[in-house]
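Following: one structure in structure tokens, then a few remarks.
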Amino acid sequence: MKLVLGGPVGAGKSTAIRTLADSEPVSTEMPLIDGAMGEKTTTTVALDFATVMLDDGTPLFLYGLPGQQHFEFMYSIVVEGALGVMILLNGAERDVALHCEQWLTNVRQIRTSMPIVIGITHTESMSSFSLGPIREAIRRCGGPVPVFTIDARSREQMTHLVRALLVAM
Amino acid sequence: MKIDLRYAGLNERSERRLRIASKLLETQGIRISVEAWDGTRCDILAANAEDAYGVHALDIASRRSIKTVALTSGGKLISNYTNTLDSTEPVLSWVQMLQVVANLPNVSSSGIRNRPSFDEVGICRLGMDPKLRGLDLQARIGTRAIFISASTGRIVARDAGELLCMRDELANAGWEFESVASSSSAALGFSASLDSFYIEGALAAQERLPTFPSGALALSDWPDLGAAAAYVNVLKVVKALMQGGTNIHDVVSTTRIEIQEVSACLWAFAASGLLRLHAEEPHGEQALEKSSVPTEGESNTSLFSKLARRFGLSQQKI
């Protein structure tokens, strides 16, 4: 069983996996060649992997896709057979609605009926953040999809996002 | 209002968060005394559910019908207790948990108000008045003000404390609303999810809100519920509404959630501008379709049930 976390660079996928995991995730983080992007100093160069144990001992595998475009070839491989996809987007980015549409389209191309939820990070520091364009993008892509503003460091909020995915199935 | 809050088995960090959360509630006119538990009676006990002494204290408190908050670290789910909190959560989550456990009324420093009428209640006006619903507004009550930006899905206030105070006034009368441009919020510093603001305020005051009117309903978009993670049942209400035009009684029947709680959710969604009123009535099949969320009576061996249990979805409401 697996859940996949996707989204552009800097959205908080690695952080989210670390938050949800029952143990330390397998990480493929390397320093950014071009220097830090704000607080972000590393990037995922393969994929993140972690495990969440269900109460009967069954493992749920979490896969975090790398956000950089040259890793797109692995998306369909990793997403295939997933229970659902959690798309994380960086609310501080100007093109967040565009990224939303791109990722929804990418996932739906792999499987039209794939359950999806969207988590928007970094909104607390953005007084100009607007959910409106993101909701419009979701409607254009055949909506409805749960979209929550979240803190990827908060286990409670990440758990709630997973709950929304389960409810949306 | 005074609350006697005791703690047991907490580390220094958790104790500090508990004290900060209690201090923040003082801005709402609620005095909370925070002391180590000494085995005597109190109003609320917050204890470490991963510590032997904390577990011992929780057991004694439960036998005495004292309200408890069981603290865990790293979000480990412990099903023995009604109210649990991850001790690594931000202080705001601690504040919310204390409010839920204490079932705090919407009391400001001016004291308890008389129950307002339907068309005076802040959140009801926001949900029903077409001149207010879904618009960008400056909202005032007493000396406090916030900016409601329905167009962006955000609520903006001077600071987090101000936001909490205003949220707890949603079921009161005395609100003044003024339509403003979205740029008016620039002077205020603290921004949060509007949908979560309404949901938390409505659910905290659910026993004081009127029942949402009958009529066909549907949701246009998923509400932003990330910051309202303590309220699991809201997801079930959203699911029922997203399935097509329905009404409050069908939602209650489908979700098996009490009408008071469902009604509070509807007031919140209406205030956000997400609830479509007088939507098309569902076809017969849709009206009979059940929520896919597992209930106590369904098989516990299914994959979905295991996932739901692990992530706290099939547990009862807080």
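Sequences listed follow chains U and L, in order.
Note that the working numbering gives residue 12 to position 12 of the first sequence, counting from 1, and the numbers run on in steps of one.
Note that the working numbering gives residue 335 to position 166 of the second sequence, counting from 1, and the numbers run on in steps of one.
Glycine included, each C-beta is placed from N, C-alpha and C at the ideal position.
| query | result |
| --- | --- |
| Grab the span of the beta strand (DSSP E) containing Asp173(L) for me, first residue to last. | 171-177 |
| Given a cut-off of 9 angstroms, decide if Leu404(L) and Leu435(L) are closer than it, judged by their beta-carbon atoms. | no |
| Using a Cβ-Cβ distance under 9 angstroms, would Met1(U) count as near chain L? | yes |
| Please identify, using Cβ separations under 8 angstroms, the residues of the segment 145-159 of chain U that lie next to chain L, in order along the chain. | Val145, Pro146, Val147, Phe148, Thr149, Ile150, Asp151, Ser154, Arg155, Glu156, Gln157, Thr159 |
| Any C-beta of chain U sitting closer than 9 angstroms to the C-beta of Gly453(L)? | Model confidence at Gly453(L) stands at a pLDDT of 39, short of 50, so the residue's coordinates are unreliable; what they give is reported in the following sentence. It does not: the Cβ of Gly453(L) has no partner Cβ on chain U nearer than 9 angstroms. |
| Name the two residues that bound the continuous alpha helix (DSSP H) containing Ala398(L). | No alpha helix (DSSP H) contains Ala398(L), which DSSP labels as neither H nor E. |
| CB Leu394(L) to CB Ile417(L), shorter than 9 angstroms? | no |
| For the beta strand (DSSP E) containing Ala314(L), list its first residue and its last residue. | 313-318 |
| Do Ala137(U) and Gly12(U) count as a contact pair if the criterion is CB distance below 9 angstroms? | no |
| Once DSSP output is grouped into helix, strand and coil, what is the label at Asp151(U)? | coil |
| Along the chain, where does the beta strand (DSSP E) that runs through Val96(U) open and close? | Premise fails: Val96(U) lies in the alpha helix (DSSP H), 96-110, not in any beta strand (DSSP E). |
| Under 9 angstroms between C-beta atoms, does Phe129(U) make it to chain L? | yes |
| Expressed to the nearest angstrom, what Euclidean distance is found between the alpha-carbon atoms of Val145(U) and Leu472(L)? | 22 angstroms |
| Rank Ser128(U), Tyr75(U), Phe71(U), Gly81(U) by C-alpha distance to the C-alpha of Glu93(U) and give the top, closest one. | Ser128(U) |
| Could you compute how far the alpha carbon of Val107(U) sits from the alpha carbon of Gly413(L)? | 25 angstroms |
| Could you tell me which chain L residues have their CB closer than 8 angstroms to the CB of Ala164(U), listed as they occur along the chain? | Trp391, Leu394, Leu404 |
| Excluding sequence positions up to five away, which residues of its chain have a Cβ less than 7 angstroms from the Cβ of Thr105(U)? | Cys141 |
| Since Tyr63(U) is in the beta strand (DSSP E), which residue starts that stretch and which ends it? | 59-64 |
| Can you give the beta carbon distance from Arg186(L) to Trp263(L), rounded, assuming they're within the 8 angstroms contact cut? | 5 angstroms |
| My output table needs one value for Val145(U): the three-state DSSP class, helix, strand or coil. | coil |
| Can you give me the start and stop residues for the alpha helix (DSSP H) that Ala439(L) sits inside? | 428-441 |
| If you drop the 5 nearest sequence neighbours on each side, which residues of the same chain put their C-beta closer than 7 angstroms to that of Leu444(L)? | Leu386, Leu388, Leu435, Phe438 |
| Using a cut-off of 8 angstroms between C-beta atoms, extract the partners of Gly132(U) located in chain L. | Ser320, Thr321, Gly322 |
| By DSSP, does Lys2(U) sit in helix, in strand, or in coil? | strand |
| Quick check on Phe480(L): buried or exposed, where buried means 16 or more other Cβ atoms within 10 Å of its Cβ? | buried |
| Where does Gly38(U) fall in DSSP's three states? | coil |
| Leaving out five residues before and five after Val78(U) in sequence, what residues of the same chain have Cβ atoms less than 7 angstroms from its Cβ? | Val4, Leu47, Tyr63, Leu65 |
| Thinking Glu258(L) and Glu156(U) are a contact (beta carbons under 8 angstroms), I'd like their distance in whole angstroms, please. | 5 angstroms |
| Quick one: what's got a C-beta closer than 8 angstroms to Leu32(U)'s C-beta in the same chain, skipping five residues either side? | Lys40, Thr41, Thr42, Thr43 |
| Any beta-carbon of chain U closer than 9 angstroms to the one on Phe480(L)? | yes |
| Please report the distance separating the alpha-carbon of Ser23(U) from that of Gly84(U). | 21 angstroms |
| Between Leu304(L) and chain U, is there a C-beta pair that is closer than 9 angstroms? | no |
| With Thr380(L) and Ile324(L) assumed to form a contact (beta carbons below 8 angstroms), what rounded beta-carbon distance in angstroms separates them? | With a Cβ gap of about 25 angstroms, Thr380(L) and Ile324(L) do not count as contacting. |
| Against chain U, with Cβ distances strictly below 9 angstroms, would Asp220(L) count as a contact? | no |
| Please say whether Ala239(L) and Trp206(L) have beta carbons closer to each other than 9 angstroms? | no |
| Counting only the same chain and skipping the five closest in sequence on each side, list residues whose C-beta sits under 8 angstroms from that of Thr159(U). | Leu20 |
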